[in-house]
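Below is one structure, written out as structure tokens, with a few remarks after it.
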Amino acid sequence: MLTTILIGFLGFVTIAGLGFVFVGGGGSADNAVKRARAFSDPAAKRKASKPSRESTAESRRKEIVNKLKDAERQERKARVTLRNRLQQAGLSGSTTKFWLISGALAAVTVVGLLVMGQKPLVAIGVGFAAAVGLPRWVIGFMAGRRTKKFTLEFANAVDVIVRGIKSGLPVHDCLKIIGRESPAPLGPLFQTLVENVGMGMTLEQGLEKMYESMPTPELRFFTIVVAIQQKTGGNLAEALNNLTVVLRARKMMREKIKALSSEATASAGIIGSLPPGVMLIVSVTTPSYMQVMFTDPRGHLMLLGGVLWMSCGIFVMKKMISFKI
């Protein structure tokens, strides 16, 4: 009898232990109840999904910051490299051709000054300035004018893409329309982009190559928006529409700064051109009065000091009236 009771008790304990192991006891039941409440409670759902959304937004912000830093480094590199400066100016020649033209200009300047009776040291100095300074100034002027034209029409080009996407056109066809309808330099650059994409480049790679010949912040913003949209998805038309708002706001800010600094710009131009202008007028009206400055060694030192001080003053005024946005 006792043996039967003991066997039944052990069997009950064994079955209860197995049930506790597989079911998990009261804690598992509590967890099941909590999970059921979480599925039925929308607030709990939002609370559970909130960290993932925050992490996604944080990763997107980090990616944008990293791309902007890369853009700043590439823009500084593009400003320094002569080859990129030639591309920005729209010149297809190589750097070797540029240096050959600079050397020929220096030789013509030195020979011309020597024939006019100037001293060899003065002729060499003026020839060096003509070879190094004048061609770079011309390239910088052409690049700035071309960049200004590109920036002026770029917001309209992005609007074409936005309207094309909303009407159902693919991005590639929108780029074709811009390349065909837009004026230079915007149209040819987008036409080159379409050709590069057609040859197998990705859109991001084509935009990076386009940025080498036109390193503007507006184009970099466009490249970042397209790259992030391709990686994370989303409404490209809405993102580009927001970009056009930013681009037009930057344009308005640039025009406002130009209007506010116009008086300082005019003053800097007058102050910078007044001493050379007076010296030229005096040299033409009374050449004997200014001849001493060019023949006497003390006059040479005075002219050198005047040029240095004028250069410092013009540099300071340029920094005061230049604003980067």
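Each residue of the sequence shown is one higher than the one before, counting from 296 in the working numbering.
By construction, the Cβ of each residue, glycine as well, lies at the ideal position given by its N, Cα and C atoms.
Note on the stretch 487-562: there is no whole beta strand (DSSP E) run with a minimum of 3 residues. Inter-residue distance for A544 and L538 is about 10 Å (C-alpha atoms, whole angstroms).
Taking the Cα of A438 as reference, the smallest distance to any Cα among K526, N361, A559, L377 is reached at L377. Looking from the CA of F610, the closest CA among T560, S583, P430, K392 belongs to T560.
Here the C-alpha atom of P571 lies approximately 40 Å from the C-alpha atom of Y506.
Assigned with DSSP and collapsed to three states, T376 falls in coil, not helix or strand.
Setting aside the 5 residues that flank it on each side, R475 is surrounded in the same chain by G482, Q486, each with a C-beta closer than 8 Å to its C-beta; the list follows chain order. Cβ neighbours of V520 within its own chain (closer than 7 Å, five residues either side excluded): A534, L535, L538. A distance below 8 Å separates the beta carbons of G422 and V405. Taking 8 Å as the upper bound for CB-CB distance, S397 and A426 are in contact here, some 4 Å apart.
Per DSSP, the continuous alpha helix (DSSP H) segment holding Q586 begins and ends at 582-590. Fully enclosed alpha helix (DSSP H) runs of no fewer than 4 residues occupy 415-461 of the stretch 400-463, in order along the chain. Annotation: the continuous alpha helix (DSSP H) that includes L470 extends over 466-476. Relative to the Cα of I566, the nearest Cα in the group M612, R515, V457, E448 belongs to M612. In this structure, the beta-carbon distance from L531 to I460 falls below 8 Å. Linking G601 to M548 through their CA atoms gives a straight-line distance of about 37 Å. For T518, the number of other beta carbons within 10 angstroms of its own is at least 16, and it is reported as buried. For A450 against K546, the beta-carbon gap comes to about 7 Å, under 8 Å, which counts as contact. A buried status is given to P510, since no fewer than 16 other beta-carbon atoms sit within 10 Å of its beta-carbon.
Approximately 6 Å separates the beta-carbon atoms of I473 and V455; this is inside 8 Å, confirming the contact. L569 has its alpha-carbon roughly 11 Å from the corresponding atom of M605. Here F618 carries a coil assignment [DSSP, helix/strand/coil].
Looking from the CA of N361, the closest CA among G594, A522, D591 belongs to A522. The three-state reading of DSSP puts S389 in coil, since its state is none of H, G, I, E or B.
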